[in-house]
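S.K.:
See below:
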């Protein structure tokens with residue numbers, strides 16, 4: 005995964021997903037990139 009062009013919000017979410025102590029997963033990533041979801045990153 006190329007993180008060089010991610011926004012700060014994406015980087016924060018990505019680090020959460022890759023942190024074994026955090027509950028975030030790829031479902032959260034999908035939600036953040038789904039315009040129909042309330043967690044969408046503008």
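Numbering (the working numbering), first residue to last: 5 to 46. Glycine is no exception: its CB is placed at the ideal position from the N, C-alpha and C atoms.
Please work out which residues of its chain come closer than 8 Å, Cβ to Cβ, to residue 33, disregarding the five sequence neighbours upstream and downstream, and give them in chain order.
M.R.: As a first step, residue 33 is located in the chain shown; it is residue number 29 there, counting from the start. Result list for residue 33: 17, 18 and 21, in chain order.
S.K.: Give me the Cα-Cα distance between residue 37 and residue 43, rounded to the nearest whole angstrom.
M.R.: Counted from its first residue, the chain shown places residue 37 at position 33. Counted from its first residue, the chain shown places residue 43 at position 39. Rounded to whole angstroms, residue 37 to residue 43 spans 8 Å at the Cα level.
S.K.: Could you tell me the distance, in whole angstroms, from the CA atom of residue 29 to the CA atom of residue 12?
M.R.: Within the chain shown, numbered from 1, the residue matching residue 29 stands at position 25. Within the chain shown, numbered from 1, the residue matching residue 12 stands at position 8. Approximately 17 Å, taken between the alpha carbons.
S.K.: Who are the Cβ neighbours of residue 41 in its own chain at under 6 Å, not counting the five residues just before and after it?
M.R.: Counting from one through the chain shown, the residue named residue 41 turns up at place 37. Counting only Cβ-Cβ distances below 6 Å, and skipping sequence neighbours, we find 35.
S.K.: Do you know whose CA, among 8, 15 and 7, lies nearest residue 45's CA?
M.R.: Your numbering for residue 45 matches position 41 in the chain shown. Closest option to residue 45, Cα to Cα, is 15.
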